[in-house]
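**Student:**
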Amino acid sequence: MITLASWGMLFGTFVLSAGLARVRASQWPPDGIIGLDAYLPSIATLALILSSVLIHKGYMRFDKENLKEFKFYWGLGLLMGVFFLALQSYTLIDWYSKGVRVSQHLYASVIYVWIIIHGLHILGALGGLFYKFKKPKSAASLQIWGWFWHFIDLVWLAMFPLLVF
Amino acid sequence: MSDNKSFQDLFHAHDDHLHGEPTSFISKYIISYDHKVIAKQFLFFGLFWAFVGAFMSVLIRWALAFPGKAFPIVGSLLFPHTDGVIPPDAYTMLFTMHGTIMIFFAITPILIGTLGNFCIPLMIGARDMLFPWLNMASFWMTFAGGVVMFASLFVPLGASAVGWTSYPTLAHAQWSPGWGHSLWIISIFLMGNASIMGAINYIATIIRLRAPGLTAAKLPLTIWGLLLTAVLNALFIPVLAAGLLLLLMDRMFGTSFYLAAAISQNGTQGDPILYQHLFWIFGHPEVYIIILPAWGMVSDFLSFFSRKPAFGAKWTAGAFISITLLSTVVYGHHMFTTGMSPLLTGAFTTLTLLISIPSGIFFLNWLGTLWRGNIQFTSPMLFSLGVVITFGIGGLTGLHLGAVPTNLLLHNSYFVVGHFHLTMAVASLLGTYAAVYFWFPKMFGKMLSEKLAKIHFWTSFLPIMVIFVGMMVAGYAGMHRRIYNPYEYTYLEHLLFLNRYISLAAFLAFASQFIFLFNFFYSWKKGEVAGSNPWKVGTLEWTTPTPVPVHNFDVIPEVFNGPHEFSHPKLGDSRDWISQTEYLEGISTPV
Ligand code: HEM
Ligand SMILES: [Cu+2]
Numbered sequence: 001m002i003t004l005a006s007w008g009m010l011f012g013t014f015v016l017s018a019g020l021a022r023v024r025a026s027q028w029p030p031d032g033i034i035g036l037d038a039y040l041p042s043i044a045t046l047a048l049i050l051s052s053v054l055i056h057k058g059y060m061r062f063d064k065e066n067l068k069e070f071k072f073y074w075g076l077g078l079l080m081g082v083f084f085l086a087l088q089s090y091t092l093i094d095w096y097s098k099g100v101r102v103s104q105h106l107y108a109s110v111i112y113v114w115i116i117i118h119g120l121h122i123l124g125a126l127g128g129l130f131y132k133f134k135k136p137k138s139a140a141s142l143q144i145w146g147w148f149w150h151f152i153d154l155v156w157l158a159m160f161p162l163l164v165f
Numbered sequence: 166m167s168d169n170k171s172f173q174d175l176f177h178a179h180d181d182h183l184h185g186e187p188t189s190f191i192s193k194y195i196i197s198y199d200h201k202v203i204a205k206q207f208l209f210f211g212l213f214w215a216f217v218g219a220f221m222s223v224l225i226r227w228a229l230a231f232p233g234k235a236f237p238i239v240g241s242l243l244f245p246h247t248d249g250v251i252p253p254d255a256y257t258m259l260f261t262m263h264g265t266i267m268i269f270f271a272i273t274p275i276l277i278g279t280l281g282n283f284c285i286p287l288m289i290g291a292r293d294m295l296f297p298w299l300n301m302a303s304f305w306m307t308f309a310g311g312v313v314m315f316a317s318l319f320v321p322l323g324a325s326a327v328g329w330t331s332y333p334t335l336a337h338a339q340w341s342p343g344w345g346h347s348l349w350i351i352s353i354f355l356m357g358n359a360s361i362m363g364a365i366n367y368i369a370t371i372i373r374l375r376a377p378g379l380t381a382a383k384l385p386l387t388i389w390g391l392l393l394t395a396v397l398n399a400l401f402i403p404v405l406a407a408g409l410l411l412l413l414m415d416r417m418f419g420t421s422f423y424l425a426a427a428i429s430q431n432g433t434q435g436d437p438i439l440y441q442h443l444f445w446i447f448g449h450p451e452v453y454i455i456i457l458p459a460w461g462m463v464s465d466f467l468s469f470f471s472r473k474p475a476f477g478a479k480w481t482a483g484a485f486i487s488i489t490l491l492s493t494v495v496y497g498h499h500m501f502t503t504g505m506s507p508l509l510t511g512a513f514t515t516l517t518l519l520i521s522i523p524s525g526i527f528f529l530n531w532l533g534t535l536w537r538g539n540i541q542f543t544s545p546m547l548f549s550l551g552v553v554i555t556f557g558i559g560g561l562t563g564l565h566l567g568a569v570p571t572n573l574l575l576h577n578s579y580f581v582v583g584h585f586h587l588t589m590a591v592a593s594l595l596g597t598y599a600a601v602y603f604w605f606p607k608m609f610g611k612m613l614s615e616k617l618a619k620i621h622f623w624t625s626f627l628p629i630m631v632i633f634v635g636m637m638v639a640g641y642a643g644m645h646r647r648i649y650n651p652y653e654y655t656y657l658e659h660l661l662f663l664n665r666y667i668s669l670a671a672f673l674a675f676a677s678q679f680i681f682l683f684n685f686f687y688s689w690k691k692g693e694v695a696g697s698n699p700w701k702v703g704t705l706e707w708t709t710p711t712p713v714p715v716h717n718f719d720v721i722p723e724v725f726n727g728p729h730e731f732s733h734p735k736l737g738d739s740r741d742w743i744s745q746t747e748y749l750e751g752i753s754t755p756v
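Sequences listed follow chains H and U, in order.
With my numbering, letter number 98 in the first sequence gets 98, and the count goes up by one each step, no holes.
Each number in my numbering corresponds to the 1-based position in the second sequence with 165 added.
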């Protein structure tokens, strides 16, 4: 819990600064820069929400000592997470190949930096989820990783409208 | 308490947790999981940096006292291009690194790292921290931060020179080129992460591993201080981390989060003031992060050495809690001159001044503890009284800074420097010394020499008062902070005398610390052997044998008394103290 509060402050700060940058800007996205396409990130967001639900289901199954269904739901949730990360990476790579650079404009800086920092956390969380998928030891440890996953998903839900629309 | 018991079982019944004696040198002293060894690692790490930081302050004071004169003996070695005169760019590096090192690499490791690690498990009756592995990682990450900071002293173009607050626009690559400041950011980032890891461990340990019967009311105030510090650490270092990360992006990847449109390369509007907000949202809690453990320890020591219960101990703990809460919403008083709206400045002034109410409460409790006590002037007590005095003066000067009309005059002057040294630097330094003198017998099994300790105290305390009260006078007379040669301004010329006086006091205070170092190493080897409870106090750490076994307690103790039950009439004439673990009808409450 404390750990999450700590992380919450980190992302809270990021979200706040993004919000400020956005409120101050006269135009978002600004002129003369290729805006980020909202299409793929929206699909990614849906995948992420679905993934949270699946992970939760998996955890409930484990609690009921149903190992097989646990593997099914948890694994599917994991795949959805990987899908999210893949879409996000593709979005950024595509944007980069269109010539948008992080230093070009505050708009681009915010999107690149925020998505990458969030993505790194997603990557770490996926590692944890995968480890628990292989070796589910106790319900408590699954719950901790589950919480972290839900938390990092919520963070994205807070960032998503700020960054993409 | 049944709840606690089950946690005890959960974490202590397992054989793997009751770790045996580590056998190899590495597992015993280097990659150790034992909180007592980690405490010592933090201690030596902090002592090294404290020496570096203190030496820098001597250089700074030399430049202010004897501008244009070569620094004696080692000067020409340090500054070969100027024949030993401290050049202006080195001066800015010196005050930046002095502040950074003292706050993050001297006081924090010793006061929080060493004493937190040593005291928490022992004082709450636990066998170790809840997560010993995290504890070990926290030290080594701090160490990595220290290595990066040390490396930054030697890069081309020099170390960071933008002040410990690292404000943009100065902190950007165009104005602070080179690796110095980037390494500074990376180092603070590592150190911050380490602190968060430590803080999470402290909080979890204090919540879960308290011995049966150790209720909130029976918790030593030391532990209260450390707990609240950890809470602030866990919540506010992330804000600094995010702020610094963006600054690093600006420096390394050409973004412009903190640059105004007119000077940013891409012409878009970032915001330098945003950084100041983020820094002080962290920065104000940080000053309490540093002082809270010292307050807690002093509250205990005053009681221990007055042989009297701590006056209003519950109120003191309550005051600490309300200060912790308030400290999160006053940061704006560092930014009154940034042109914030009068509505905001008014709000921040009010909130800032509100802090004096709980501060007044615990301060009066301190005096109440001393009142008609049977005072023993031992070394921990002397240093604690030093904290009472310096904090009293320092705290009062905060009021002048907290009120907008006087702040506008005093901001960025030596008055601020005097203020924060008395409150944050000196009060926590003296508190740290009190704690080291107090717990050294438990840590190293020997007594420090009381005689040397007293010489150390007076030769530190008196010069310190001269230094920092003198600085406030200088600030009141209009002297800016962070200024290489004040005497270039005619209206500051007459302050040369005052500054020389301050500097001489500073050299004396610096020299005095060698008395401590000598005492420390001499007594460690040759000091009088300390028994298991030389101060005759009742807290749990003194119920363990000295040297403390790896698992601390053979049997987890049960706690019946508060930490300050001194001179209770029921105790009779033969003694004036009772251990927290001893059951005595009429004093104790059953578990
Ligand atoms: C009632 C108590 C206090 C009040 C009202 C107060 C008020 C202030 C104000 C208004 C400033 C900003 C001055 C300026 O730059 O214009 C300041 C600076 C500072 N205070 Fe306090 N303070 C109090 C207690 C403390 C304590 C307990 C600590 C540390 C433990 C502390 C540490 C600092 C530091 C480090 C700075 C300067 C930071 C910098 O600019 O480098 N203060 N204080
Ligand atoms: Cu403040």
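Even glycine gets a Cβ: it sits at the ideal position worked out from N, Cα and C.
Would you say the stretch 357-366 of chain U touches the stretch 299-316 of chain U, given that touching needs at least three Cβ pairs under 8 Å?
**Tutor:** The answer is yes - the stretch 299-316 of chain U touches the stretch 357-366 of chain U, with three or more Cβ pairs under 8 Å.
**Student:** Could you tell me which uninterrupted alpha helix (DSSP H) segments, each at least 4 residues in length, are contained entirely in the stretch 182-246 of chain U, listed from first to last along the chain?
**Tutor:** Counting only runs of 4 or more, we get 200-230, 240-243.
**Student:** List, in order along the chain, the chain U residues whose C-beta lies closer than 8 Å to that of residue 105(H)?
**Tutor:** Counting from one through the first sequence, the residue named residue 105(H) turns up at place 105. Going along chain U in sequence order, the residues near residue 105(H) (Cβ under 8 Å) are 431, 433.
**Student:** Return yes when at least one heavy atom of ligand 2 lies under 7 Å from the C-beta of residue 96(H), else no.
**Tutor:** One-based indexing of the first sequence puts residue 96(H) at position 96. Flag unset: Cβ of residue 96(H) not near ligand 2.
**Student:** Kindly list the residues whose CB is nearer than 8 Å to the CB of residue 333(U), restricted to its own chain and excluding five residues on each side of it in sequence; keep chain order.
**Tutor:** Along the second sequence, read from residue 1 onward, the residue named residue 333(U) stands at position 168. These residues qualify, in order along the chain: 412, 415, 423, 424, 437, 440.
**Student:** Measuring CB to CB, does residue 324(U) end up less than 8 Å from residue 258(U)?
**Tutor:** As a working note, residue 324(U) is residue 159 in the second sequence. As a working note, residue 258(U) is residue 93 in the second sequence. It is a contact, given that the beta carbons lie within the stated cut-off.
**Student:** Classify residue 496(U): buried if its beta carbon has 16 or more other beta carbons within 10 angstroms, exposed otherwise.
**Tutor:** On the second sequence, position 331 is the one that residue 496(U) refers to. By the neighbour-count rule (16 or more Cβ atoms within 10 Å), residue 496(U) is buried.
**Student:** Between which two residues does the alpha helix (DSSP H) carrying residue 311(U) extend?
**Tutor:** Position 146 of the second sequence, counted from the start, is the residue given in the question as residue 311(U). Element bounds for residue 311(U): 297-317.
**Student:** Kindly indicate the opening and closing residues of the alpha helix (DSSP H) around residue 357(U).
**Tutor:** Residue mapping note: residue 357(U) aligns to position 192 of the second sequence, counting from 1. Per DSSP, residue 357(U) belongs to the alpha helix (DSSP H) from 345-373.
**Student:** I need the DSSP call for residue 17(H), collapsed to helix, strand or coil.
**Tutor:** The residue given as residue 17(H) occupies position 17 in the first sequence. Looking at residue 17(H) - three-state DSSP - the assignment turns out to be helix.
**Student:** Compute the Euclidean distance between the alpha carbons of residue 398(U) and residue 380(U), then round it to the nearest angstrom.
**Tutor:** As a working note, residue 398(U) is residue 233 in the second sequence. As a working note, residue 380(U) is residue 215 in the second sequence. One C-alpha to the other measures close to 24 Å.
**Student:** Would residue 740(U) be called buried (16 or more neighbouring beta carbons within 10 Å of its own) or exposed?
**Tutor:** Within the second sequence, the letter at position 575 stands for residue 740(U). Residue 740(U) comes out exposed.
**Student:** Between residue 498(U) and ligand 2, is there a pair consisting of the residue's CB and a ligand heavy atom that are separated by less than 7 Å?
**Tutor:** What you label residue 498(U) is simply residue 333 of the second sequence in a count that begins at 1. Yes, the beta carbon of residue 498(U) sits closer than 7 Å to at least one heavy atom of ligand 2.
**Student:** Residue 102(H) CB to nearest chain U CB: under 8 Å?
**Tutor:** In the first sequence, residue 102(H) corresponds to position 102, counting from 1. Output row for residue 102(H): interface = yes.
**Student:** Which same chain residues end up closer than 8 Å to residue 432(U) when comparing Cβ atoms and leaving out the 5 residues on each side of it in sequence?
**Tutor:** Numbered from 1 along the second sequence, position 267 holds the residue referred to as residue 432(U). These residues qualify, in order along the chain: 426.
**Student:** Does the structure place the stretch 223-238 of chain U close enough to the stretch 248-266 of chain U that three or more beta carbon pairs sit under 8 Å?
**Tutor:** A contact exists between the stretch 248-266 of chain U and the stretch 223-238 of chain U.
**Student:** Please report the distance separating the alpha-carbon of residue 292(U) from that of residue 559(U).
**Tutor:** On the second sequence, residue 292(U) is found 127 positions in, with the first residue counted as 1. On the second sequence, residue 559(U) is found 394 positions in, with the first residue counted as 1. Each residue's Cα considered, the two are about 38 Å apart.
**Student:** Exposed or buried, residue 662(U), counting other C-beta atoms within 10 Å across all chains shown (16 or more means buried)?
**Tutor:** Against the second sequence, residue 662(U) aligns to sequence position 497. Result: exposed.
**Student:** Along chain H, which residues have their Cβ under 8 Å away from the Cβ of residue 420(U)?
**Tutor:** In the second sequence, the residue the question calls residue 420(U) occupies position 255. Correct list: 102, 103, 106, 109, 113.
**Student:** Using a Cβ cut-off of 7 Å, which residues of the stretch 12-37 of chain H contact any Cβ in chain U, in chain order?
**Tutor:** Per Cβ criterion, the list reads 13, 14, 17, 20, 24.
**Student:** Helix, strand or coil for residue 100(H), going by three-state DSSP, please let me know.
**Tutor:** As a first step, residue 100(H) is located in the first sequence; it is residue number 100 there, counting from the start. Of the three classes helix, strand and coil, the one that applies to residue 100(H) here is coil, per DSSP.
**Student:** For the stretch 543-578 of chain U, which segments carrying the alpha helix (DSSP H) assignment without a break, of at least 4 residues, lie completely within its bounds, in sequence order?
**Tutor:** DSSP runs (the alpha helix (DSSP H)) wholly in the stretch 543-578 of chain U: 544-567, 569-575.
**Student:** Comparing the C-beta of residue 404(U) with each C-beta of chain H, is any distance below 8 Å?
**Tutor:** Working through the second sequence from its first residue, we reach residue 404(U) at position 239. Residue 404(U) counts as touching chain H.
**Student:** If you measure from the CB of residue 645(U), is any heavy atom of ligand 2 nearer than 7 Å?
**Tutor:** Counting from one through the second sequence, the residue named residue 645(U) turns up at place 480. It does not: the Cβ of residue 645(U) is nowhere closer than 7 Å to a heavy atom of ligand 2.
**Student:** Return no unless some Cβ of chain U is closer than 8 Å to the Cβ of residue 10(H).
**Tutor:** Reading the first sequence from its first residue, position 10 is the one you call residue 10(H). Cβ-Cβ to chain U under 8 Å: yes for residue 10(H).
**Student:** Would the beta-carbon of residue 495(U) be found less than 7 Å away from any heavy atom of ligand 2?
**Tutor:** Start at 1 with the first residue of the second sequence, and residue 495(U) comes out as number 330. Yes, Cβ of residue 495(U) sits closer than 7 Å to a heavy atom of ligand 2.
**Student:** Whole angstroms are fine: how far does the CA of residue 685(U) sit from the CA of residue 623(U)?
**Tutor:** If you number the second sequence from 1, residue 623(U) lands on position 458. If you number the second sequence from 1, residue 685(U) lands on position 520. In a straight line, the C-alpha of residue 623(U) is about 17 Å away from that of residue 685(U).
**Student:** Nearer than 7 Å: is that true of the beta carbon of residue 815(U) relative to any heavy atom of ligand 2?
**Tutor:** Since the first and last residues shown for chain U are 166 and 756, residue 815(U) lies out of range.
**Student:** Report whether the distance from the Cβ of residue 576(U) to the nearest heavy atom of ligand 2 is below 7 Å.
**Tutor:** Position 411 of the second sequence, counted from the first residue, corresponds to residue 576(U). Incorrect: residue 576(U) has no Cβ contact closer than 7 Å to ligand 2.
**Student:** Within its chain, find whatever has a CB closer than 6 Å to the CB of residue 562(U); leave out the 5 residues flanking it on each side and keep chain order.
**Tutor:** Here the question's residue 562(U) lines up with position 397 in the second sequence. Here the set comprises 584.
**Student:** Does any C-beta atom of chain H lie closer than 8 Å to the C-beta of residue 296(U)?
**Tutor:** Looking up residue 296(U) in the second sequence gives position 131. No, no contact with chain H.
**Student:** Let me check understanding here. Comparing Cα to Cα, which of 565(U), 530(U), 385(U), 553(U) lies closest to residue 499(U)?
**Tutor:** Start at 1 with the first residue of the second sequence, and residue 499(U) comes out as number 334. When only C-alpha atoms are compared, the closest one is 565(U).
**Student:** Is the CB of residue 7(H) under 8 Å away from at least one CB in chain U?
**Tutor:** Your numbering for residue 7(H) matches position 7 in the first sequence. Chain U contact via Cβ: present.
**Student:** Does residue 497(U) come within less than 8 Å of chain H when only Cβ atoms are used?
**Tutor:** What you label residue 497(U) is simply residue 332 of the second sequence in a count that begins at 1. By this cut-off, residue 497(U) is not an interface position.
**Student:** Please find out if some non-hydrogen atom of ligand 2 comes closer than 7 Å to the beta-carbon of residue 449(U).
**Tutor:** In the second sequence, residue 449(U) corresponds to position 284, counting from 1. Yes; taking the cut-off as 7 Å, the Cβ of residue 449(U) has a heavy atom of ligand 2 nearer than that.
**Student:** How many Å lie between residue 18(H) and residue 726(U) at the Cα?
**Tutor:** Your numbering for residue 18(H) matches position 18 in the first sequence. Your numbering for residue 726(U) matches position 561 in the second sequence. C-alpha separation (whole angstroms): 52 Å.
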